[in-house]
Every structure is written in structure tokens, then in C-alpha cells.
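Residue numbers 67 to 297, in our numbering, belong to the letters of the sequence shown in order.
Positions of the beta carbon are idealized from the N, C-alpha and C atoms, including for glycine.
Model, not experiment: these values are computed from the prediction.
Below is one structure; the comments refer to it alone.
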Amino acid sequence: MNLSHRLAWRVVQPDHLALLGSISPQNLLSTLGVLALLIVMFAETGLLVGFFLPGDSLLFVAGYATVAGDKLGLNESLPLGWVIAAAATGALVGAEVGYYIGLHGGPALFRKRDARFFKRDYVDRTEDALHRFGPARAVVVARFVPILRTFMNPMAGVVRMPVWQFTVWQVLGGLLWTVGLILLGHFIGHVKPVREHIELMVLAVVVISLLPLLLHIVRERRRIRSGRAGS
């Protein structure tokens, strides 16, 4: 790395760190309170640009904040009922918006096969997943997988999944995801190791949420290898 690159990295690095800090669950909750859940859940599940937002960790930390707000730098604990209501509303409304974006804007988004983010290959893979796992399982499981939950909703619209079918299963998956992670944080918030190592717990939640995707990738690679071996 030459001198100009090193200087550029030193200039950019603080900005990256500042961005990561600004979207950390603790900062979002201390700045916006319960409103953070509504905004982040909607953006992550309804807007294609929201794939980088910390959905899983925000839900878990918000649940923890309902019993230990002061330990997260909050003036008081967050009300559990409002936390659940805000998160569920953002996630469910966001998914429907994402679906209609894909339904009406899909052809324009995926017209170019060499597009950097909205590739036609994503549509083909989503359609394959819907057929292989069934619409219910695909939509529900996608809620628990970062990035996939952002793209599944518009993809379901692109492949013309019936709106009533999508709505039923996205509501079920959305409630299981939001309420489940919030209650997990709420009920284990009193455990001493959790209070002392909240960062590690958040990391564990993220890793666990990625497991379905990792298992699917492993199975796909094994299937491809076995197909090549049999040919």
C-alpha cells in the first residue's frame, strides 16, 4: 500500500467506524427509543437498501432494554408492549411494501443481467427456493436470515407469489422473528453473564441467525458435488 492509499485509509476509516457506531443497537435505542425499532424493521424488510441494518441484534437488545435500560445508557427501561408493537408493525408493513416494490418494479429492477445488486440471477434463485422449500417455508425462514429477509420480499413479488399467500406467511414469520427475539432478550436480561457480556450475546444472536443460510449453502455444495460425481 503506497503513501496516498495509507492516507486515504486513515481519512476514511474514522468515517466507517462512526457509521458503525451510529447504527449500533445501543446508539439507535438511546437516540430514537422505540421509534428506532419501527424505522429499522421497516427499512430492513421493505427497502432494498436496508440490508446492512442490525435487525437481529436490535431486537435482542431492545428486549434486554425492557428490563435493563440503564445498563445500555438509557434513562429508563423501554416499555415491552410498545417495543413489540413498534417492531412487529415495522417488520410486517415493511415486508408488504417490499413485496409490492418487487411486484410493480421488478421488471425494471432486474432488466439488466449485469446489474451489481439487483441481478436476474437473484430472481431465478428465489423462484427455485420457493419451489423447492414451498412458499410458506421460504418466506418464514427468510425472516431469520440477514440480507435474505431484505431481498425475499421483493423477490416474492417479482415471481408473482399470490399476495394472500405471501401476506399470511410473512405475518407469521415476522411475528415469530420480532416477538421471539424481543422476548429472548427480555427474559434473559436478568442473567448476570448477559448483563456483563451483552456484546457477546448480540454477536451470538447474529451468528445463530446466519446458521440457516450457512446450512443451505453447505447442502447446495454437497448436492452439486454429488451431481458432478454421478455424471
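By the three-class DSSP mapping on this structure, what secondary structure does residue i have?
i           : result
residue 228 : coil
residue 210 : coil
residue 99  : coil
residue 20  : Residue 20 is absent from the model: the chain starts at 67 and stops at 297.
residue 120 : coil
residue 292 : helix
residue 113 : coil
Below 7 Å CB to CB, which residues in the same chain sit around residue i once its five sequence neighbours on both sides are set aside?
i           : result
residue 148 : 100
residue 163 : 112
residue 205 : 218, 222, 232, 235, 236 and 239
residue 146 : 132 and 252
residue 248 : 125, 128, 129, 149, 150 and 153
residue 161 : 111, 112, 219, 236 and 240
Need the endpoints of the alpha helix (DSSP H) that residue i sits in, please.
i           : result
residue 143 : Premise fails: residue 143 is in no alpha helix (DSSP H) and is neither H nor E.
residue 200 : Segment: none, residue 200 is in no alpha helix (DSSP H) and carries neither H nor E.
Excluding the five sequence neighbours on either side, which residues of its own chain have a C-beta within less than 6 Å of the C-beta of residue i, listed in chain order?
i           : result
residue 220 : 164, 167 and 168
residue 232 : 165 and 222
How would you call residue i, buried or exposed, if buried means at least 16 neighbouring beta carbons within 10 angstroms?
i           : result
residue 123 : buried
residue 228 : exposed
residue 289 : exposed
residue 87  : With a pLDDT of 47 at residue 87, under the threshold of 50, the predicted position of this residue should be treated as unreliable, though the coordinate-derived value follows. That one is exposed.
residue 106 : buried
residue 215 : buried
residue 108 : buried
residue 116 : buried
residue 103 : buried
If you drop the 5 nearest sequence neighbours on each side, which residues of the same chain put their C-beta closer than 8 Å to that of residue i?
i           : result
residue 158 : 236, 237, 240 and 241
residue 199 : 207
Those runs of the alpha helix (DSSP H) which lie wholly inside the region 143–168 and span at least 4 residues: none
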